[in-house]
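As they're listed, the protein sequences go chains A and B. Quick note on the working numbering: the first sequence kicks off at 262 and runs consecutively. Quick note on the working numbering: the second sequence kicks off at 241 and runs consecutively. Taking it in order: structure first as structure tokens, then the write-up.
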Amino acid sequence: GENVEQHPSTLSVQEGDSAVIKCTYSDSASNYFPWYKQELGKRPQLIIDIRSNVGEKKDQRIAVTLNKTAKHFSLHITETQPEDSAVYFCAASRPLGSDKLIFGTGTRLQVFP
Amino acid sequence: GAGVSQTPSNKVTEKGKYVELRCDPISGHTALYWYRQSLGQGPEFLIYFQGTGAADDSGLPNDRFFAVRPEGSVSTLKIQRTERGDSAVYLCASSLRSGRTDTQYFGPGTRLTVL
Numbered sequence: 262g263e264n265v266e267q268h269p270s271t272l273s274v275q276e277g278d279s280a281v282i283k284c285t286y287s288d289s290a291s292n293y294f295p296w297y298k299q300e301l302g303k304r305p306q307l308i309i310d311i312r313s314n315v316g317e318k319k320d321q322r323i324a325v326t327l328n329k330t331a332k333h334f335s336l337h338i339t340e341t342q343p344e345d346s347a348v349y350f351c352a353a354s355r356p357l358g359s360d361k362l363i364f365g366t367g368t369r370l371q372v373f374p
Numbered sequence: 241g242a243g244v245s246q247t248p249s250n251k252v253t254e255k256g257k258y259v260e261l262r263c264d265p266i267s268g269h270t271a272l273y274w275y276r277q278s279l280g281q282g283p284e285f286l287i288y289f290q291g292t293g294a295a296d297d298s299g300l301p302n303d304r305f306f307a308v309r310p311e312g313s314v315s316t317l318k319i320q321r322t323e324r325g326d327s328a329v330y331l332c333a334s335s336l337r338s339g340r341t342d343t344q345y346f347g348p349g350t351r352l353t354v355l
């Protein structure tokens, strides 16, 4: 069935360093890959997404790369700040049908000042 | 504008009771999703509505779970004969559904605790 694996489960970095989170997906028909940030007790919020016709997308300090052949995608955060500390979820969705999101298990990012 | 809202924010109930959880999507969003998030896990898909109809209910765990969206806006997730294993945060999301995969905007969730 559909599955998204996410690594690492926890990630600690020093303020100013970069952070990378990786995901792999099983459904080769998936074509939409969003990343959500969830702070403790809050709702998931979209921070960036990528579609399968694009290999890389960047938005200020955040970038996402997609390798469709290998079925994996990654989130890159540069110049991390303490306010980046949160749980990050990757997800995948296939075209047509319900567009339901299949989520990874999350990465808890801690940025130390 | 107003985002997705959910009520109640917290619900504590006893095993065997019936509960209803409400979701108000963003105005104009035709697609509505329910997800369930257990502690330390990612959201897990339950059901999807396009307009008034449940277009995909493949994620509902069993027949104790049911959801409706009678007028194509507000949705209610209903759980009968609750069990302790139903304890989780129930998230609702909506999207514009403009013909391609659209951003899903999440509500704050309802934390359900079954004692």
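Where is the CB? At the ideal position from N, CA and C, for every residue including glycine.
For residue 304(A), at least one C-beta of chain B is nearer than 9 Å to its own C-beta.
The shortest C-alpha to C-alpha distance from residue 303(A) to any of 244(B), 309(B), 342(B) is the one to 244(B). Sequence-distant partners of residue 317(A) (beyond 5 residues in either direction) whose C-beta falls short of 6 Å from its own C-beta, in its chain, are 326. With fewer than 16 other CB atoms across the displayed protein chains lying within 10 angstroms of its CB, residue 373(A) is exposed. DSSP places residue 261(B) in the uninterrupted beta strand (DSSP E) bounded by 259-264. Secondary structure note for residue 371(A): its beta strand (DSSP E) is the uninterrupted segment 368-373.
Of the residues 294(A), 298(A), 282(A), the one whose Cα lies closest to the Cα of residue 314(A) is 294(A).
Bridge pairing for residue 359(A): absent [DSSP]. Around the beta carbon of residue 334(B), 16 or more other beta carbons lie within 10 angstroms, which makes this residue buried. DSSP places residue 283(B) in the coil class of the three-state scheme, outside both helix and strand. Neighbours of residue 343(B) across chain A, judged by C-beta separation under 8 Å: 295, 307, 310.
Pairing residue 285(B) with residue 352(A), the inter-Cα distance amounts to about 11 Å. Distance from the CA atom of residue 280(B) to the CA atom of residue 332(A), rounded to whole angstroms, is 24 Å.
Of the candidates 311(B), 268(B), 315(B), 260(B), the residue whose Cα lies closest to the Cα of residue 287(B) is 315(B). Look at residue 324(B) here: in three-state DSSP terms it is helix. Judged by their CB atoms, residue 348(B) and residue 249(B) are nearer to each other than the 9 Å cut-off.
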